[in-house]
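Chemist: Numbering (the UniProt record's numbering), first residue to last: 1 to 78.
Just passing along the structure, written as structure tokens.
Written out as structure tokens, the structure is:
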């Protein structure tokens, strides 16, 4: 095992750890979006349908950050 192989293994591991850390942000974001939607429905039950639609849009945009993170890992890390 030479130095180049060890360096490649370490950089691959760092990319996996980096994406794992980057996935924390969207996870927290989805939690906040869902929590605030539940709060809104509890305050205004008649707006539940409209708030649910907005919640799904917010989740989609938040999850897009995770997809950008994994794409950046493939583009720049490998």
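Idealized CB from N, CA, C, for every residue including glycine.
1) I'd like to know whether the C-beta of residue 33 is nearer than 9 Å to at least one C-beta of chain D.
2) Since I believe residue 19 is in contact with residue 73 (beta carbons under 8 Å), could you give me their beta-carbon distance rounded to a whole number of angstroms?
3) Let's test the definition: count the other Cβ atoms within 10 Å of the Cβ of residue 26 and tell me whether it reaches 16, buried, or not, exposed.
4) To the nearest angstrom, how far is the alpha carbon of residue 42 from that of residue 16?
5) How is residue 44 classed by DSSP in three states: helix, strand or coil?
Modeler: For this structure:
1) Absent from the structure: chain D. Only one protein chain is present.
2) The Cβ separation is near 5 Å, so the contact holds.
3) Of the residues assessed, residue 26 falls on the buried side of the cut-off, its CB having 16 or more other CB atoms within 10 angstroms.
4) Each residue's Cα considered, the two are about 39 Å apart.
5) Residue 44 falls in the coil class under three-state DSSP.
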